[in-house]
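Engineer: One structure follows; several queries about it will come next.
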Amino acid sequence: MISEGASSSKGKTKTGFDRKRLLSGLLAGAFGLLVVGLGGWWFTLALGVIVHLGLLEFFRMAQFKGMRPATKTTLVACQLLLLSTQWANSGGLPALLPDAVLPLSGAAICGWLLLQPVTGSIADIAASIFGLFYLGFLPSHWLRLRNLTDFEVAPILQRLSIDNSWLSSGLLITLAACLMVVASDIGSYMIGRRLGRHPLSPISPSKTIEGAIGGALCSVVVGALMASLMGWRLGWLSGGLLGALVALFALVGDLTESMMKRDAGVKDSGDALPGHGGILDRIDSYLFTPAVVYYALILIMPLLAN
113 MISEGASSSK GKTKTGFDRK RLLSGLLAGA FGLLVVGLGG WWFTLALGVI VHLGLLEFFR
173 MAQFKGMRPA TKTTLVACQL LLLSTQWANS GGLPALLPDA VLPLSGAAIC GWLLLQPVTG
233 SIADIAASIF GLFYLGFLPS HWLRLRNLTD FEVAPILQRL SIDNSWLSSG LLITLAACLM
293 VVASDIGSYM IGRRLGRHPL SPISPSKTIE GAIGGALCSV VVGALMASLM GWRLGWLSGG
353 LLGALVALFA LVGDLTESMM KRDAGVKDSG DALPGHGGIL DRIDSYLFTP AVVYYALILI
413 MPLLAN
């Protein structure tokens with residue numbers, strides 16, 4: 113640990129550390145914007161790499177607790193889930209195939225653990241299946257969102273007679289979901305740092321109630337703006353409600369990863385990103401949110417149409 117104002121043996125000050133954190137954050141954001149814009153298989157490939165690295169970090173924490181998850185089987189299953197989701201959404205495979213991959217992968221994981229010299233335990237099964245859900249099923253909804261083409265998701269495209277395979281409803285709602293998560297993260301950090309007085313949870317002592325409220329408000333504002341731009345009915349209201357939902361589940365994702373790190377006795381899930389820790393430390397807020405946004409749209413889409 114480097115105390116405030118002190119230098120490490122390599123001459124890195126706290127200011128330098130913050131600069132490195134800012135630079136890596138900007139590069140990660142630019143990369144995310146690029147692959148979301150490209151969509152299709154480029155987005156799938158990038159998401160697959162992130163999922164793979166995140167799973168390795170998750171299983172590393174599980175192993176610290178003495179668990180022996182089916183690491184290789186789960187890694188393969190998650191990639192199959194992402195590939196089948198993209199392929200089905202692009203029309204190359206039956207639409208229900210990704211739904212079949214999940215239970216079949218669960219059975220394959222259990223079968224693998226049964227065949228080990230030392231039979232797997234409940235904890236081994238739980239860690240493996242949760243890994244499949246946490247870093248397979250949930251992230252696959254980013255692909256579902258990105259591949260949406262229904263004009264009801266972004267009526268403004270139909271009003272402007274824009275029928276472009278690149279500037280699609282899926283691109284707009286994916287960017288909107290990402291921006292709401294970013295607004296929630298930045299808002300909670302900035303407002304919590306300035307106004308935070310009351311701890312939110314012992315799981316993450318640095319988080320405060322004031323910060324959580326500030327992050328939610330920022331996400332609500334971004335949601336309202338994006339919904340209005342996309343032409344939703346009751347744009348500011350429906351978008352604001354979606355922003356509040358995104359902020360809630362982004363916080364759940366953040367605290368869930370903090371809970372796992374605390375249980376495993378590690379400060380960061382890894383060291384892949386300078387100044388940010390591991391991949392999971394950076395994407396924890398983005399894991400639950402795509403499924404929430406996707407199913408919220410599916411359920412309320414008729415109300416958004418004009």
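Numbering-wise (the working numbering), the sequence shown opens with residue 113 and increments by one. Ideal Cβ positions, reconstructed from N, Cα and C, are used throughout, including at glycine. Quick caveat, the model's predicted, so the values are computed rather than measured.
If we ignore side chains and look at the alpha-carbon of each, how far apart do S119 and A239 end up?
Structural biologist: A caution first: S119 carries a pLDDT of 37, below 50, which makes its placement in the model too unreliable to give a value.
Engineer: Using C-beta distances below 6 Å, list every residue in its chain close to A339, excluding the 5 sequence neighbours before and after it, in chain order.
Structural biologist: Answer for A339: G347, S350, G351, listed in chain order.
Engineer: Which residue wins for smallest C-alpha separation from W154, given the options A408, L341, R258, A289?
Structural biologist: Nearest of A408, L341, R258, A289 to W154, Cα basis: R258.
Engineer: Please check the pair L399 and L250, which I expect to be a contact at CB under 8 Å, by giving their CB distance rounded to whole angstroms.
Structural biologist: That belief holds up - the Cβ atoms of L399 and L250 are roughly 5 Å apart, short of 8 Å.
Engineer: I think S196 touches P210, with their Cβ atoms under 8 Å apart; what is that distance to the nearest whole Å?
Structural biologist: That belief holds up - the Cβ atoms of S196 and P210 are roughly 5 Å apart, short of 8 Å.
Engineer: From what residue to what residue does the beta strand (DSSP E) around T320 run?
Structural biologist: 316-320 is the span of the beta strand (DSSP E), which, as asked, contains T320.
Engineer: Check this for me: beta carbons of C290 and V148, under 8 Å apart or not?
Structural biologist: Taking 8 Å as the Cβ cut-off, C290 and V148 qualify as a contacting pair.
Engineer: Taking one C-beta from the segment 310-319 and one from the segment 356-376 each time, how about it: are there three or more such pairs within less than 8 Å?
Structural biologist: Result yes; three or more Cβ-Cβ pairs closer than 8 Å.
Engineer: How is the alpha helix (DSSP H) around L67 delimited, first residue to last?
Structural biologist: Because the chain in this structure spans residues 113 to 418, residue 67 falls outside the shown range and cannot be described.
Engineer: According to the neighbour-count rule (16 or more other Cβ atoms, all chains shown, within 10 Å of its Cβ), is V293 buried or exposed?
Structural biologist: It counts as buried.
Engineer: Starting from the N-terminal side, write out each stretch of the alpha helix (DSSP H) that is 4 residues or longer and does not extend beyond the segment 244-324.
Structural biologist: DSSP runs (the alpha helix (DSSP H)) wholly in the segment 244-324: 252-258, 267-271, 281-307.
Engineer: Around the C-beta of A139, are 16 or more other C-beta atoms found within 10 angstroms, so that it is buried, or is it exposed?
Structural biologist: Inspection of the sequence shows that residue 139 is occupied by Leu rather than by Ala. The residue is exposed, with fewer than 16 neighbouring Cβ atoms inside 10 Å.
Engineer: Among R256, C190, W224, which has the Cα closest to the Cα of S202?
Structural biologist: Cα-wise, what sits closest to S202 is R256.
Engineer: Does the structure place the segment 322-336 close enough to the segment 302-309 that three or more beta carbon pairs sit under 8 Å?
Structural biologist: In short, these stretches touch, since the Cβ pair count reaches three.
Engineer: Out of curiosity, what's the CA-to-CA distance linking P229 and A220?
Structural biologist: For P229 and A220, the distance between alpha carbons rounds to 17 Å.
Engineer: Just checking: is the beta-carbon of M292 within a distance shorter than 8 Å of some beta-carbon in chain B?
Structural biologist: The structure shown contains no chain B, having only a single protein chain.
Engineer: Helix or strand or just coil, what does DSSP make of G390?
Structural biologist: Coil.
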